[in-house]
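Visitor:
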Amino acid sequence: MDRTPSNPVPVAPPGHVLPELPLQELECFSVLVHQLHFGRTAGLLGVSQGRVSQLIKRLESRVGAPVFERTSRRVELTELGRGLAEQVVPAFARLRAGYDEARARASAADAPLRLGFQCAVYEPVARAVSRLPEGAADLVELPWGDPFSQLDRGEVDLAIALAPCREPGLEVLLEFSRRPVYVAVAAARRPAGPAVVSAEELAALPLIEPRGAAPEYWRLANAPRRTTDGRELTYPTGAATVQEGLSMVASTGRGLLLCEDSTRYVPRPDIRYLPVPELEPSALQVVQSVRRPHRLAGRFVDLLLAEVS
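Going by the numbering used here, the sequence shown runs without a break in its numbering and finishes at 514.
1. Please list, in chain order, all residues of the same chain as Glu-230 whose beta carbon is under 8 angstroms from its beta carbon, the five residues on each side excluded.
2. How long is the line joining the alpha carbons of Ala-302 and Ser-235, rounded to whole angstroms?
3. Using 10 angstroms around the beta-carbon of Ser-494, count the other beta-carbons present and answer buried if the total reaches 16, otherwise exposed.
4. Going by alpha carbons, who is nearest to Pro-167 out of Leu-318, Ala-426, Met-453?
5. Can Val-481 and Ala-392 be called in contact, C-beta distance under 9 angstroms?
6. Within 10 angstroms of the Cβ of Pro-415, are there 16 or more other Cβ atoms? Answer buried if so, exposed if not.
7. Name the one or two DSSP bridge partners that Gln-229 has.
8. Please state if the CB of Pro-486 and the CB of Ala-332 are separated by a distance shorter than 9 angstroms.
9. Round the Cβ separation of Gly-350 and Gly-443 to the nearest angstrom and send it over; I've been treating them as touching at under 8 angstroms.
10. Under the three-state reduction of DSSP, which class applies to Phe-353: helix, strand or coil?
11. How many angstroms separate the CA atom of Val-214 from the CA atom of Leu-510?
12. To the nearest angstrom, how far is the alpha carbon of Ala-419 from that of Phe-353?
13. Taking 7 angstroms as the limit between beta carbons, can you name the residues of its chain near Leu-347, skipping five residues before and five after?
14. Would you identify the three-state DSSP class for Pro-415, choosing helix, strand or coil?
15. Starting from Pro-329 and walking both ways along the alpha helix (DSSP H), at which residues does that stretch end?
16. Rounded to the nearest angstrom, how far is the Cβ of Val-280 from that of His-239, given a contact under 8 angstroms?
17. Just to confirm the assignment, what range does the alpha helix (DSSP H) spanning Gly-340 have?
18. Can you list, in chain order, the residues of its chain whose CB lies under 7 angstroms from that of Tyr-387, leaving out five sequence neighbours each side?
19. Quick check on DSSP: helix, strand or coil for Thr-276?
20. Between which two residues does the beta strand (DSSP E) carrying Val-386 extend?
21. By the DSSP assignment, the beta strand (DSSP E) with Arg-245 in it spans what residues?
Structural data, given as C-alpha cells:
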C-alpha cells in the first residue's frame, strides 16, 4: 500500500545550506525605518551611531542598492527601501515577539502556579492545591469587583472567580460549585422571622454591589437588577471587598448577596445569612489566559474536578 502523504513537507537535500539571514542588519534597518534618525536608532539599539551606519551600509551591500537617502538634515527611504520595509518590518516584529514569548515561557516553566481566588479558598480548591507538589502553587486574593484584570495582565496564571467570564483572550477551563444565592442582613434588624427572603422583601432592601473594574455582564449576573419575577433591585452603594461589604451590612442595615459557600467562610454574630429563592444560583469558574497557559493548569483542573465530582 502506498503510504506517501498527499501533501509531503519539502525537505532540503543533503548538504543544502540556507542563505545567511543578516539579522543584525535587518534589526537595525527596522528600527531606522521608524526613527529615520541615526542617533535615536543608535540609542535604542545601545550601539554607536557609527555602528548603525556600518550595519546599514552592509545591508545595502547585500541588497545591491541603497535603501536610505541620507543628507545632513534628513533620512528617507528609497523606493527599494520602502518595498523592503513593507516586507521586513512586520516580519521582524513577529520574529521578535515569537522569540520573546519563547524566552518568557522558558523562564516561567518552573515558576509556581499563581492561583487567584475570589472571596475564599473553598475546601475543594484547598484540597486540590494540597495535592500539587510542595511549593508548586501560590495563592493570590482577587478583588471582589475585579475578577479578571490580574489574569489579563499576567499577574496570576489561573483565576477562580464567580461566573460568567466572556473576556477576549480568557478561556473557562471548568465551572463548578453551582449554589443558591443568600443575602446577608444585620442580625439586629432581622433577629427572627422567615428563614428565607422573598422577592418583595429583597426589592425593599437597599443592596451593596461589588465595586471595581468588573465587566458589566459579570456585574449584572452577580448583582442582578431584577428578581426572576421582575421586581427591581437597588444598589445605592458598593464595596471593594466582601469583608468591607459585611461591615456595611452590620452598620447600615443594607443587604449583601453572596453564594451559599461564602456564608460558611465568613460567619459573624451580627449578621444573618438567608437564602433568596427568587434569584438564579451562582457558580464558580476556573479561567486562564489563552496567551499564557501554565504547565500546571491542566493538572490543577483535573485535581479540582476530582474533588467536586
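Positions of the beta carbon are idealized from the N, C-alpha and C atoms, including for glycine.
Guide: Answer, in terms of the structure:
1. Leu-260, Ile-261, Arg-263, Leu-264, Arg-267
2. 14 angstroms
3. buried
4. Nothing about residue 167 can be reported from this structure: the residues present for the chain run from 206 to 514 only.
5. no
6. buried
7. Beta-bridge pairing links Gln-229 to no other residue.
8. Strictly speaking, residue 332 in this sequence is Arg, with Ala absent from that position. Taking 9 angstroms as the Cβ cut-off, Arg-332 and Pro-486 do not qualify as a contacting pair.
9. 7 angstroms
10. coil
11. Per-residue confidence for Val-214 stands at a pLDDT of 45, beneath the threshold of 50, marking its modelled position as unreliable; no derived number is given.
12. 7 angstroms
13. Gly-321, Phe-322, Gln-323, Gln-355, Ala-364, Ala-366
14. strand
15. 328-335
16. With a Cβ gap of about 11 angstroms, Val-280 and His-239 do not count as contacting.
17. Gly-340 -> no alpha helix (DSSP H), and no H or E assigned at all.
18. Leu-463, Glu-465, Thr-468, Tyr-478, Leu-479, Pro-480, Val-481
19. coil
20. 386-391
21. No beta strand (DSSP E) contains Arg-245, which is instead part of the alpha helix (DSSP H) from 243-250.
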